[in-house]
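Q:
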Amino acid sequence: MTSKRRTPKPAAAPPRRTPQQDRSRAMVARILDAGQRVLIAHGYDGASTNRIAAAADISPGSLYQYFPNKDAIVAAVIERYTLEVTERVRARVLSYIGSPPEISVPETISYLMDALGDDRELLRAVVEQTPRLAADGPVAAFEQQIGELARLTLSMRQYPIPADLDPDATAWMLVRTVEHLTIRYLLDGPPIPRDRFLADITRLILNFFREPPVRTQRE
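This is the structure we're talking about:
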């Protein structure tokens with residue numbers, strides 16, 4: 000997700016224990032729910048393992064049985080959120096493959112808006128308050144998965160692509176454009192009706208695929 004993040008930090012340490020039993024899975028979910036609430040209420044800098052343990056109504060010692068530090072909890076919270084968004088968007092992208100772009104583009108972006116906007120407080124906390132925990136962390140993984148969906152869509156398109164466009168470069172540019180504009184629309188709340196936003200971003204994307212006019216050198 001595009002944001003004003005600080006310098007990437009080292010990769011967050013993985014959870015200490017992988018939950019195998021229902022009781023352990025329930026405890027991990029409890030810690031992540033508490034971590035999400037604390038992240039929203041206090042931001043990344045204000046979050047701490049003590050605060051998260053208190054919000055989960057458990058002792059810090061119990062928390063440390065599952066997570067070694069705050070970064071591991073925050074990374075798991077982001078990963079859970081982004082996996083939910085990615086799975087929802089993936090299903091919608093695949094359902095519109097082969098449809099005319101005038102239909103598939105706004106419908107897919109609209110669904111992305113719904114998936115990201117279901118928890119705008121968490122989206123804001125992740126985008127505006129949380130540093131990129133690592134170059135290969137959960138936020139980067141989210142971007143990569145959405146990029147793969149875009150590349151899949153491009154490869155299965157049934158309308159012409161200019162020969163000079165590189166599919167990977169095109170997917171990267173379009174994903175970052177859609178990602179940034181969609182997130183900023185959700186968080187900034189500009190005075191632009193949703194239908195107008197979808198129409199304009201669709202026009203922007205479709206114009207990208209138009210052949211540039213041939214310029215003739217004046218004598």
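Residue numbers (numbering that gives the first Met the number 0): 0 to 218. Yeah, the Cβ is synthetic: ideal placement off N, Cα and C, and Gly gets one too. Note that this is a predicted model, so its numbers are computed, not measured.
Please state whether the Cβ-Cβ distance between Ile72 and Arg29 is less than 9 Å.
A: The residue you call residue 72 lines up with position 73 of the sequence shown. The residue you call residue 29 lines up with position 30 of the sequence shown. In this structure, Arg29 does not lie closer than 9 Å to Ile72 by Cβ.
Q: Here's a check: name, in chain order, each residue in its chain whose Cβ is nearer than 7 Å to the Cβ of Glu120, leaving out the five neighbours to either side.
A: On the sequence shown, position 121 is the one that residue 120 refers to. Here the set comprises Ile39.
Q: Only counting the same chain, and skipping five residues up and downstream in sequence, which positions put a Cβ closer than 7 Å to that of Asp117?
A: Here residue 117 is taken as the residue at index 118 of the sequence shown, counted from 1. Around Asp117: no qualifying Cβ.
Q: For a quick check, are the C-beta atoms of Ile204 and Thr181 less than 9 Å apart?
A: Here residue 204 corresponds to residue number 205 of the sequence shown, with the count starting at 1. Here residue 181 corresponds to residue number 182 of the sequence shown, with the count starting at 1. No, Cβ-Cβ distance for Ile204 and Thr181 is not below 9 Å.
Q: At which residues does the alpha helix (DSSP H) containing Asn206 begin and terminate?
A: Here the question's residue 206 lines up with position 207 in the sequence shown. That run of the alpha helix (DSSP H) goes 193-207.
Q: CA-CA distance, Ile51 and Val76?
A: Translated into the one-based positions of the sequence shown, residue 51 becomes position 52. Translated into the one-based positions of the sequence shown, residue 76 becomes position 77. For Ile51 and Val76, the distance between alpha carbons rounds to 12 Å.
Q: Is Glu86 buried or exposed, if buried means 16 or more other CB atoms sit within 10 Å of its CB?
A: Here residue 86 refers to the residue found at position 87 when the sequence shown is read from its first residue. That one is exposed.
Q: Using C-beta distances below 6 Å, list every residue in its chain close to Ala54, excluding the 5 sequence neighbours before and after it, in chain order.
A: Mapped onto the sequence shown, residue 54 falls at position 55. So the qualifying residues of the chain are Ala33, Arg36, Val37.
Q: Nearest CA to the CA of His179: which residue from Arg89, Arg22, Gly97, Leu122?
A: Here the question's residue 179 lines up with position 180 in the sequence shown. The option with the nearest alpha carbon to His179 is Leu122.
Q: Check Leu93 in the structure and name its three-state DSSP category.
A: Locating residue 93 in the sequence shown gives position 94, where the first residue counts as 1. Three-state DSSP puts Leu93 in a helix.
Q: Answer with buried or exposed for Ile191, where buried requires no fewer than 16 other C-beta atoms within 10 angstroms of its C-beta.
A: Counting from 1 along the sequence shown, the entry for residue 191 is found at position 192. By the neighbour-count rule (16 or more Cβ atoms within 10 Å), Ile191 is not buried but exposed.
Q: Whole angstroms is fine: what's the gap from Phe208's alpha carbon to Arg22's?
A: Start at 1 with the first residue of the sequence shown, and residue 208 comes out as number 209. Start at 1 with the first residue of the sequence shown, and residue 22 comes out as number 23. Answer to the nearest angstrom: the Cα atoms are 52 Å apart.
Q: Buried or exposed: where does Ala74 fall if 16 or more other Cβ atoms within 10 Å of its Cβ makes it buried?
A: Reading the sequence shown from its first residue, position 75 is the one you call residue 74. Classification of Ala74: buried, given that the 10 Å Cβ count is 16 or more.
Q: Of the residues Pro67, Val174, Gly42, which one's Cα is nearest the Cα of Val27?
A: Residue mapping note: residue 27 aligns to position 28 of the sequence shown, counting from 1. Among Pro67, Val174, Gly42, the Cα nearest to that of Val27 is on Pro67.
Q: With a cut-off of 8 Å on the beta carbons, I'd call Thr81 and Ala140 a contact; round off their distance for me.
A: Here residue 81 refers to the residue found at position 82 of the sequence shown. Here residue 140 refers to the residue found at position 141 of the sequence shown. Contact holds; Cβ gap of about 7 Å.
Q: Express the C-alpha separation of Gly97 and Val126 in angstroms, rounding to a whole number.
A: Here the question's residue 126 lines up with position 127 in the sequence shown. Here the question's residue 97 lines up with position 98 in the sequence shown. Going from the Cα of Val126 to the Cα of Gly97 covers about 33 Å.
Q: In chain order, which alpha helix (DSSP H) runs of at least 4 residues are fully inside the segment 67-134?
A: Runs of the alpha helix (DSSP H) inside the segment 67-134: 69-94, 100-116, 119-123.
Q: Which class does Ala28 belong to by DSSP, given the choice of helix, strand or coil?
A: Working through the sequence shown from its first residue, we reach residue 28 at position 29. Ala28 falls in the helix class under three-state DSSP.
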